[in-house]
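Q: Before I ask anything, let me first share the structure, which is written out below as structure tokens.
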């Protein structure tokens, strides 16, 4: 199986020196759709990861309790509440209005996975004509027949199996082959998270080995989705953004884990991301 190892060179593909006359909004507008009564903080982790990796504007659309929690998490976050405990298909008009402003719509984190979310996620797939990044619960209720090359999927092994009905092997060649096959079959781009991340558009395969075994905390996948969404919103290709997000998330996590070990959290990745960007940009 042929694949390319992702290294620091990807950073110079997705980041370049900014023009002195750059202004607010030039480097990305992202809408994050997620959250629920129980899972209030997931959208905030996505949003802060996007902001720290360079996206200028991030808005969150979330159920009331989640939106309030996200707004209190950081003054940088613009949180728009949906006046219910859970997002449902009746929210699609509001999402379409806000989505018209954004370059990228990221969805699924903490959203839930019953019939209400099933209908909403599929409605977004049909009606939102933007680049979609789908993560977490969104992956478990999406319609694979509505996938396309303007969509990035960021599953772990379990979510991959739920979507496609096949469990990824831990043997790297077999794992990479399966990701490539499914990306080609469904004409989409897949970032399979794991000890070794695998990215494919059905033609090329890229692998990332910067991760740490201490990055098992809930939320470290949210940071990855936020970084990838941010880089796409800044104008990079989906495949480059996915590869760079793997590298940034993994390298930052590994760096922090050297000191914190089991104490590492997603917030640590967010707060230390600047170290990776400063070291490898340009």
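Numbering (my numbering), first residue to last: 2 to 283.
Here a beta-carbon is modelled for each residue, glycine too, at the ideal position from N, C-alpha and C.
1) Looking only at C-alpha atoms, which of 177, 185, 189, 114 sits nearest to residue 209?
2) If the criterion is Cβ atoms closer than 8 Å, does the pair residue 93 and residue 121 meet it?
3) Just grab the DSSP bridge partners of residue 85 for me.
4) Pick helix, strand or coil for residue 130, following the three-state DSSP scheme.
5) With residue 138 and residue 166 assumed to form a contact (beta carbons below 8 Å), what rounded beta-carbon distance in angstroms separates them?
6) Do the region 266–275 and the region 242–255 touch if we need at least three Cβ pairs shorter than 8 Å?
7) Assuming residue 134 and residue 105 make a contact with CB atoms under 8 Å, what is their CB distance in whole Å?
8) In the DSSP assignment, what are the bridge partners of residue 209?
9) Are the CB atoms of residue 7 and residue 248 within a distance shorter than 8 Å?
10) Quick one: give me the first and last residue of the beta strand (DSSP E) that residue 152 is part of.
11) Counting along the chain, where does the beta strand (DSSP E) carrying residue 63 start and finish?
A: Let me spell this out:
1) Numbered from 1 along the chain shown, position 208 holds the residue referred to as residue 209. Checking every option, the nearest Cα to that of residue 209 belongs to 177.
2) For this step, residue 93 is matched to residue 92 along the chain shown. For this step, residue 121 is matched to residue 120 along the chain shown. Taking 8 Å as the Cβ cut-off, residue 93 and residue 121 qualify as a contacting pair.
3) For this step, residue 85 is matched to residue 84 along the chain shown. Per DSSP, none; premise fails for residue 85.
4) Here residue 130 is taken as the residue at index 129 of the chain shown, counted from 1. If DSSP states are grouped into helix, strand and coil, residue 130 belongs with coil.
5) Here residue 138 corresponds to residue number 137 of the chain shown, with the count starting at 1. Here residue 166 corresponds to residue number 165 of the chain shown, with the count starting at 1. Not really, about 18 Å apart at Cβ, beyond 8 Å.
6) yes
7) For the purposes of this step, residue 134 is taken as the residue at position 133 of the chain shown. For the purposes of this step, residue 105 is taken as the residue at position 104 of the chain shown. Sure, about 6 Å apart at Cβ, within 8 Å.
8) The residue labelled residue 209 in the question sits at position 208 within the chain shown. Partner(s): 198.
9) As a first step, residue 248 is located in the chain shown; it is residue number 247 there, counting from the start. As a first step, residue 7 is located in the chain shown; it is residue number 6 there, counting from the start. Going by C-beta atoms, residue 248 is nearer than 8 Å to residue 7.
10) Here residue 152 refers to the residue found at position 151 when the chain shown is read from its first residue. From DSSP, the beta strand (DSSP E) with residue 152 extends over 152–154.
11) For this step, residue 63 is matched to residue 62 along the chain shown. Here the beta strand (DSSP E) through residue 63 covers 58–64.
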